[in-house]
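Heads up, the sequence shown stops at 804 in our numbering, and the numbers go up one at a time, no gaps. Step one of this worksheet: look at the structure below.
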Amino acid sequence: MKKRFLSASLAVILTTSVVIPVSMQEVRAANETSSQVEVKEEHLSAKEFLDLAVTSLTYQHGSETMRQQIINQWVKGEELKDLSANIKRDEAARILVRALDKEEKETTLAEYREKANKLGLFNGLSNSETISKQDAVKILNNAEKVQNGVNNEGVKEISVEDFVKNPGSFGYSLSPDGNYITYNDGWENRSNVFVKKMNDDSEPVRVSSSTDRDIAGSFWKDDNLLYLKDKGGDENFHIYSTSFNGNEEKDLTPYPNVTVGLLSGLEGVKDEILIMMNKEDAKVFDVYKLNVKTGKTTHVAKNPGNVSSWLADRDGNVRVAVVSDGVEGTVLYRDSEKDEFKPLIEIEAGDDVNPFSFSKDNKYIYATSNKGRDKVEVVKYDLEGKEEVIMSNSEVDVSSVLYNAEKDKVLYGAYVTDKVHYQFFDEDFEKLFRKIQNKLGVEESELGINDYNKDMTKFIVSVSSDTVYGKYYYYDSTTDELTEMATLSPWLNPEELAEMHPISYKSRDGLTINGYLTLPKNKEAKNLPLIVNPHGGPWARDMWGFNPEVQLLANRGYAVLQVNFRSSAGYGKEFLEAGNKQWGLKIQDDITDGVQWAIDQGIADPERIGIYGASFGGYATLAGITFTPDLYAAAVDYVGVSNIFTLLNTIPPYWETMRNQLYERVGHPEKDKELLKAASPVFHVDKIKTPLFVAQGANDPRVNKAESDQIVEALRARGVDVEYMLKDNEGHGFRNEENRIEFYNAMIKFLDSHLKK
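Right under this line is the structure:
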């Protein structure tokens, strides 16, 4: 939906307090008592009606910014100039028709009023032209009925396998010349790489033959196709080469206990790329040239022990290094690989500066940065460290950037509020984006530009939403032809899947907490069993879009609550740092407050609340049943932390440069010993009474098997029955299809047994 701007008078509508009901519980209470108590009618202003409508018809109860964006969609241009004037019936009709997404060809207030009457929005009201508070309660209850439009019978049950098995072909990309297309697809129950010649009737050719592990990703080096794979989930990724018939696979980095990352494709350099490996020292990454034909490596840059990232210029010379002690750091720069590195940009505690490209003439460095500000922005530095801001957003961090090397220009920056939104910096590219968007008939949040050839004439684009897993298209801008290539999990019908609603509420100490609520399809949002699903990280965030496990839970009749609690990424430095040393404390309070919000709205049945999370979300699951034991009736901990001390003692060696940052954000095992002991569930198992299911990968390098072993053993020693699923061929989360299917089947059975009594 295109962004609309309001007049200055409308922009202040949420800045003052209101004296009308602010939650649907209060609306319902007012409605139930209105016939019993004689109340003097007070007429509503336009401002008051809009505020109550947002509260009643959306789940945005805490964010003024998001409430205003919703009003921007309901009120256009010069409509409602005087917000203090009483709202009239036909003006309310126009607002509600738009709010309910029932607008068609209406242009006049009379037409909106006629539509509202057909929808039954004014049933039970007098014919007064103005609207009282009592009238508004009735109108919004009528609107809720139209909005819900359910018979409370739910939808047919879809198998667990259909949600979590391999979804088919995905990850489409183009060769640099645009003549070939690559993608991943299933073979022997594993995701492998396939190649297809464009504009050719020949069958795709499988070029990898992995049977033990999914291929993690692939990329082109000229006409060479390379891919990455680890072993059993150990996250030690190696680069493999393959022939076009898949018969000659070669591990180009065959070093044990080493993980590899791509630094530069070295455009214009035949058969060589720049990679990073922790081959010499497991704690840090050096830079090497790798010959993709022979596997020969040449050492290029030595890591002295504190370099957290490297950047090569457009000629492939390593000229930027970011050094850090985990808290403070410096961006270093050198004129050539023969020169010594010198300080360019100082990085203070809490700052984040990430260089991602040199300009075409190698005279500027593009980066994302929150140095000296709260939000991450896109910036451009000259070689003296002088900064120019290219893109910023006052509400959230810039989440991603598309920089085109040929144009030497940032094409767009993306930011995520309720959904993904774009700010464009290239007029031609925006026109192309909008043309494809219009052809597909989707919102910008649903469209992605996945890949394009060097000439930017051939594109891979995708469409995805909360109910559409994904569709891939090939677009040729020279012919204006758009061709559908694949649909992920085509056996899933979007009409049978559940919508994900952006939400917001206030925490107990006044922070605005954003998140998402997914409600089961064709079920009334009332007294539902609820699964709260805290995300991992915790320095990550949940986003609007398709989530197979959320859809599985919703299909089984559960409401699913995802909360971007304090310490979540994307909302600025201050919000992230508000979670420092708050594991099990204020972070957990934010999650608990979200559950209470859902209960207060009448959505969740307080007797049927479950919690399920992975990684940090697994920790939050254990913390939830430890510190709020009466809140949850069932819990699923998936590769979660039970003991913060052992977590900090067993981090992967290549996280060592971040150790001080972990101490800053989580706590120091000696200086904060009492804090960490109080926050570690394993030391408080006597408080746990909630039924628990634990799942763990034996090779997990982040959250070691010992984390799950400890909590399971401690609970079993107390006679508590804990279900435990351990997979010897998995790491941080189950990747192999058969293990995913087994896990989710077991999880659903476990949750149903405790939450559907």
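The C-beta atom is built at its ideal place from N, Cα and C for all residues, glycine as well. Note that this is a predicted model, so its numbers are computed, not measured.
- Within 10 angstroms of the beta-carbon of Lys326 lie 16 or more other beta-carbons, which makes it buried.
- Of the candidates Asn338, Trp357, Gln470, Trp357 places its Cα closest to the Cα of Phe332.
- In this structure, DSSP gives Ala263 a state outside helix and strand, which the three-state scheme calls coil.
- Between Thr504 and Thr525, the gap from beta carbon to beta carbon is short of 9 angstroms.
- A direct Cα-Cα distance of roughly 7 angstroms separates Gly376 from Glu395.
- Annotated three-state conformation of Phe612 is coil, per DSSP.
- Shown here, Trp702 sits in a helix according to DSSP, grouped into three states.
- In the assembly as shown, Pro585 is a buried residue. Its beta-carbon has 16 or more other beta-carbons within 10 Å.
- Rounded to the nearest whole angstrom, the C-alpha separation of Ser175 and Trp591 is 41 angstroms.
- Counting only residues of its own chain and dropping the five nearest sequence neighbours on each side, Gly363 has a CB closer than 7 angstroms to the CB of Ser311, Leu313, Val316, Leu321.
- A residue is called buried once 16 or more other Cβ atoms fall within 10 Å of its Cβ, and Trp538, having fewer, is exposed.
- Closest in C-alpha terms to Leu309, from the list Thr345, Asp259, Gly660, Leu337, comes Leu337.
- Boundaries around His285 are those of the beta strand (DSSP E), 285-289, since no alpha helix (DSSP H) includes it.
- Per DSSP, the continuous alpha helix (DSSP H) segment holding Asn602 begins and ends at 595-602.
- A straight-line Cα-Cα distance of about 8 angstroms links Val193 and Leu147.
- Judged by beta-carbon spacing, Asn751 lies within the 9 angstroms limit of Thr697, meaning their Cβ atoms are closer than that value.
- Excluding sequence positions up to five before and after Pro595, its CB lies within less than 7 angstroms of the CB of Phe210, Val211, all in the same chain and listed in chain order.
- Burial check for Ser371: the Cβ neighbour count within 10 Å reaches 16 or more, so the residue is buried.
- The three-state secondary structure of Glu490, taken from DSSP, is coil.
- Shown here, Ile735 sits in coil according to DSSP, grouped into three states, outside any helix or strand.
- Close CB contacts of Phe476 within its chain, under the 6 angstroms cut and outside five residues either way in sequence, are with Leu458 (chain order).
- By alpha-carbon distance to Lys162, the top candidate from Gly664, Arg136, Asp523 is Arg136.
- DSSP, reduced to helix, strand and coil, places Ala452 outside both helices and strands of the structure shown, so it counts as coil.
- Only buried fits Phe593, as 16 or more other CB atoms lie within 10 angstroms of its CB.
- DSSP places Leu321 in the uninterrupted beta strand (DSSP E) bounded by 319-324.
- About 5 angstroms separates the CB atoms of Asn611 and Arg588; that is less than 8 angstroms, so the two are in contact.
- Lys752 is bridged by DSSP to nothing; it lacks a bridge partner.
- Annotation: the continuous alpha helix (DSSP H) that includes Ile672 extends over 663-674.
- Counting along the chain, the unbroken beta strand (DSSP E) around Arg237 starts and ends at 237-244.
- Sequence-distant Cβ neighbours of Ser492 in its own chain, meaning closer than 6 angstroms and more than five residues away, are Lys466, Val467.
- Per DSSP, the unbroken beta strand (DSSP E) holding Val400 starts and ends at 400-405.
- Pairing Phe663 with Val683 gives a Cβ-Cβ distance that is not under 9 angstroms.
- In terms of CA proximity to Ala329, Val305 leads the group Val347, Val305, Lys340, Ser206.
- Shown here, Ile578 sits in a strand according to DSSP, grouped into three states.
- The shortest CA-to-CA distance from Tyr413 to any of Lys454, Ser238, Asn226, Val425 is the one to Val425.
- DSSP places Glu208 in no beta strand (DSSP E) but in the uninterrupted alpha helix (DSSP H) bounded by 207-211.
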